[in-house]
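Notes follow the structure.
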Ligand code: NAD
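Quick look at the structure:
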């Protein structure tokens, strides 16, 4: 059986721990490899190596760092098909979707190439008589990231390219459900010329996470995952005096106004609700139908969802793959049963889907509920599967109230042809990422990604300028030089 070990000092390194966890192909339910569950000795090897690497990497000029990152970008582009295959085989999403997720991660790598510009501080001449003042941003030291199963390339890439560009070393603790992709990403970075130890991978579960949270040598923790764990990570890291950004779960609402372009709204909802089997933190899980558009909306979604192709990633026609695990499939099926018990109208039931030749795979078919109300559990909680709830409301004010009163605040969207309504919505909704006639408003790498309320604990969103701020400390210098120093003439072009 193939073993997935740690990546330390520029190479795959066998663990001290003898504990491993099975990694499965969700399309077949078969175990394809086993991932190391690191122990304290493995953790020490990683941290000691990261500390050593930080010392030298932080002295490398931002321009030289940027050139290595630029080579890394080229290597990811060359290996994109290979990376997508690794993702699909352990996560189950379609190949095209996996490829798209690598590209979204790659955009952060691209952004990080601009680090010399991004690290420029501010300068004020003569803040006092012959006194100047400037600010600069310096790296933190060893930084850590803990990531979820649903984007094994993209979410880690929200973090480490920026941290490393800023001069930090980075330890990634990937999801134990699909850990292979991060090893390949680390190998490519080494191939691009990144000094050994700047990017290390520590595989494991809660035990490895707790070691990261508690160790005083780790300066910051970036987390993406479910809300209860995000809250735990935030509290425990903060208690240890660390800088922390912890992104949690979601329940994203898409409002369809009576004046919306219905076809556009339905297409948007289809991809956002059922793409990646609903296992996206920006998936739309609630469609809010305003006024008389509701009947047509439900009918059109139902017609399209019925003909959606559910199949393993190896089938080129697949539009939706399996969910991640047997336990998760059971959890989603239980939510569907709960929805029926709560009195919601089950229009499409994905519980009993069978894919020929893949009977042991973790498939759930597209599921659609109508007449869901805000008291129901299926409305309040994150299901993280291909289950869409339609809530009917009378007017825009009711729709906005729903969005604002929900505990999660990751993403939301409105479909309308009324500019005034859309402006009111973008100004007054209580949500971090907002779309207008766009179903999944994921910000580009040069903006920043982050929700509000129970969807983010901490001050900083990820990537973009927020990422640079998170991974650096601000220093402001005030300096008086009444006499200039005579250095003599210099005749060569200054270089970095
Ligand atoms: P998860 O919270 O179970 O796991 C995330 C990471 O935390 C993994 O690396 C895991 O090993 C670790 N972990 C799990 N339980 C832990 C514990 N008790 N103590 C310490 N560490 C623990 O999440 P998941 O199931 O891998 O991913 C799905 C969740 O992630 C969904 O809730 C989804 O909404 C969320 N998510 C959010 C965003 C966002 O940007 N807000 C993006 C992607 C996914």
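Residue numbers (the working numbering): 8 to 503.
C-beta atoms are modelled at their ideal positions from N, C-alpha and C, and glycine is treated no differently.
All figures in this text were calculated on a predicted structure; none of them were measured in a lab.
- When the Cα atoms are used, residue 478 and residue 270 turn out to be separated by approximately 43 Å.
- Boundaries cannot be given for residue 264, as no alpha helix (DSSP H) includes it and DSSP labels it neither H nor E.
- Within a 10 Å sphere around the beta-carbon of residue 401 sit fewer than 16 other beta-carbons, which makes this residue exposed.
- Secondary structure of residue 475 (DSSP, three-state): helix.
- DSSP places residue 389 outside both helix and strand once states are collapsed to three, so it counts as coil.
- Non-local C-beta neighbours of residue 347 in its own chain, meaning closer than 6 Å and more than five positions away in sequence, comprise 353, ordered along the chain.
- Remark: the C-beta of residue 213 is in contact range of ligand 1, defined as less than 6 Å to any heavy atom.
- Three or more beta-carbon pairs separated by less than 8 Å are not found between the segment 294 to 309 and the segment 430 to 450, which leaves the two stretches without contact.
- Within the same chain, and ignoring the five residues on either side of residue 94 in sequence, the residues whose Cβ sits closer than 8 Å to its Cβ are 100, 105, 108, 109, 159, 160, 185, 188.
- Beyond the five residues adjoining it in sequence on each side, residue 119 comes within less than 7 Å, by CB distance, of 76, 168, 169, 172 in the same chain, given in chain order.
- Contact between residue 91 and residue 102 is confirmed by a C-beta separation of about 5 Å, below the 8 Å threshold.
- Relative to ligand 1, even the nearest heavy atom lies 6 Å or more away from the CB of residue 210.
- Taking 6 Å as the cut-off, the C-beta of residue 256 counts as close to a heavy atom of ligand 1.
- Between residue 154 and residue 231, the C-beta gap is smaller than 7 Å, which places the two residues in contact.
- As far as DSSP is concerned, residue 408 takes part in no beta bridge.
- With contacts defined as CB atoms closer than 7 Å, residue 176 and residue 60 qualify as a contacting pair.
- Between residue 27 and residue 209, the alpha-carbon positions lie close to 13 Å from each other.
- Not a single heavy atom of ligand 1 lies less than 6 Å from the C-beta of residue 225.
- Between ligand 1 and the CB of residue 196, the shortest heavy atom gap is not smaller than 6 Å.
- The nearest non-hydrogen atom of ligand 1 is less than 6 Å from the C-beta of residue 153.
- Taking 4 residues as the shortest admissible run, the segment 340 to 394 contains the following complete alpha helix (DSSP H) segments, listed from N- to C-terminal end: 384 to 387.
- DSSP lists 416 as the beta-bridge partner residues of residue 459.
- Annotation for residue 168: the continuous alpha helix (DSSP H) segment containing it runs 161 to 172.
- Fewer than three pairs of CB atoms, one per stretch, sit closer than 8 Å, so the segment 402 to 412 makes no contact with the segment 360 to 371.
- The C-beta distance from residue 284 to residue 327 rounds to 5 Å, short enough to meet the 8 Å contact threshold.
- Judged by beta-carbon spacing, residue 415 lies beyond the 7 Å limit of residue 238, meaning their Cβ atoms are not closer than that value.
- Within the same chain, Cβ atoms closer than 8 Å to the Cβ of residue 39 are found at 9, 30, 31, 32, 96, 97, the five residues on either side in sequence being excluded.
- The alpha carbon of residue 178 has as its nearest neighbour, out of 480, 215, 295, 199, the alpha carbon of 215.
- Secondary structure at residue 318: coil, using DSSP grouped into helix, strand and coil.
- Under the three-state reduction of DSSP, residue 43 is assigned to strand.
- Measuring C-alpha to C-alpha distances from residue 220 to each of 247, 339, 194, 207 identifies 247 as the nearest.
- Membership of residue 28 in the beta strand (DSSP E) is indicated by the continuous run 27 to 32.
- Counting the other Cβ atoms within 10 Å of the Cβ of residue 435 gives fewer than 16, which makes it exposed.
- Contiguous beta strand (DSSP E) elements confined to the segment 168 to 243 occur at 176 to 180, 206 to 208, 225 to 231, taking only those with 3 or more residues.
- Relative to the non-hydrogen atoms of ligand 1, the Cβ of residue 156 comes within a distance shorter than 6 Å of at least one.
- Nearest to residue 398 by C-alpha distance, out of 461, 241, 258, is 258.
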